[in-house]
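Since the structure comes first, as structure tokens, the remarks are kept for the end.
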Ligand code: UGA
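Numbering (this note's numbering), first residue to last: 7 to 442.
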């Protein structure tokens, strides 16, 4: 079976690579010629563990192709995935410009029956829009097609595993034959499938991301209460998470959620609800709690250090989460801006995201390792919980710092262990000892 994936961002590239690994012939298309050139030279436009190997294996075996000729890729394929970006518009609603443009190109190259799959994150009703555009623009009205919603649930940094072993595969189709085409396509993965109507599938994507964001904001609100009450959010999260109805996942308190998805998708879901006539007050609060979290942390740093004027702060971790070089909506920039505004001098380090950070924020003093960042520092601020920070040499850090103080925005350390190494340690929602 020949497939075409339009858009070589996180979702499109990983989807294309994994399908080719399953033995399908996959044509990945993008209007961005420089990205396609990179991929044709074996270079990855994003950092994603394991991706390069999968791409290399399948391009060498002649199953995975990259091209800017979108029309040609469409006409060679039975199934066409739309995996282009849907950035937020001014009102929070997704900008569907790229999706609509692709729908038109599909129509102009509809040389045989095709299943057109919306993999881009798109608000409910978009499959109908795509369908109408194809009907209006198709070259031959006799050639039929179906539009299916097949939302993506992969996480950056875990994208290959999530695509190969998803918790579920959601297929929203308006007829059984189109649904079966996707069921057949995904069958080799042997994962649970939810076959449903198109609109329900579209809502599942936003409801999933919004629920995960809600869990995080909920535990962050509990963390703030724990600080005031002298309790430990880590223990509280364990205590509530072991209730199988609640679950332990996504209950790590910290600086809040970032990344390219949660912020965009919660805003779009709120805007969608509003368009439909529902005030999604719960989700609005979830967003508010998230946006307040960095300021609470900076306030704590400012108060513990008795002002930040002239203080040297080492910021460790810039990516929005570990195992990615993605800075989008990360807390690092916000935290660094707030610390600088209070007079602090910042030195920053990230294991992978430094190149992207340098391009986006050239004014920051970037360091080659955590020790250089911490030299003469009044405190370390951990923004991203990279694994390599777990193995820091604390004796070396202590010797190089002006004062051994750590503010851990991701609760990655056992407070007793760090304190036993002679550090003053502050984190999120574990106030009992923070106040000593
Ligand atoms: C998220 C979803 O998890 C995926 O299922 C979805 O496919 C994807 O969005 C998308 O819509 O494309 P992602 O943004 O890659 O994936 O990252 P997550 O691992 O979900 O983390 C999001 C943010 O939440 C990060 O900033 C992370 O640090 C934060 N987080 C996560 C917490 O603060 N606490 C937690 O307990 C878990």
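Ideal Cβ positions, reconstructed from N, Cα and C, are used throughout, including at glycine.
For clarity, every value in this text was computed on a predicted model and none was experimentally measured.
For a test of your reading of the model: does the CB of residue 161 fall under 7 Å from any non-hydrogen atom of the ligand UGA? Yes or no. yes
Straight-line CA distance for residue 238 to residue 275? About 32 Å.
Between 135, 376, 301, which has its C-alpha nearest residue 347's C-alpha? 301
Pair every Cβ in the segment 200-213 with every Cβ in the segment 246-265, then say whether three or more of these pairs are closer than 8 Å. no
In chain order, what are the residue ranges of uninterrupted beta strand (DSSP E) at least 3 long that sit wholly in the segment 155-216? 175-178, 199-202
Hey, would you say residue 437 sits closer than 8 Å to residue 232, going by beta carbons? yes
Would you call the segment 132-150 in contact with the segment 37-54, where contact means no fewer than 3 C-beta pairs closer than 8 Å? no
Any heavy atom of the ligand UGA closer than 7 Å to the CB of residue 222? yes
Indicate, with yes or no, if the ligand UGA has a heavy atom lying under 7 Å from the CB of residue 98. no
Give the straight-line distance between the Cα atoms of residue 33 and residue 410, rounded to the nearest whole angstrom. 54 Å
Inter-residue spacing [alpha-carbon to alpha-carbon] between residue 125 and residue 167: 18 Å
Please confirm if the segment 354-362 is in contact with the segment 370-385, defined as three or more CB-CB distances below 8 Å between the two stretches. yes
Residue 440 versus residue 382: straight-line alpha-carbon distance, rounded: Annotation note: pLDDT 45 at residue 440 (below 50); position unreliable, no value reported.
Between 21, 79, 46, 75, which has its C-alpha nearest residue 54's C-alpha? 21
Cβ-based burial, residue 83 [other Cβ within 10 Å; buried from 16]: Its Cβ being crowded by 16 or more others within 10 Å, residue 83 is buried.
In chain order, what residues of the same chain have a beta carbon less than 7 Å from the beta carbon of residue 23, not counting five sequence neighbours either side? 57, 60, 61, 64, 70
With a threshold of 7 Å (Cβ to nearest heavy atom), would residue 272 be considered close to the ligand UGA? no
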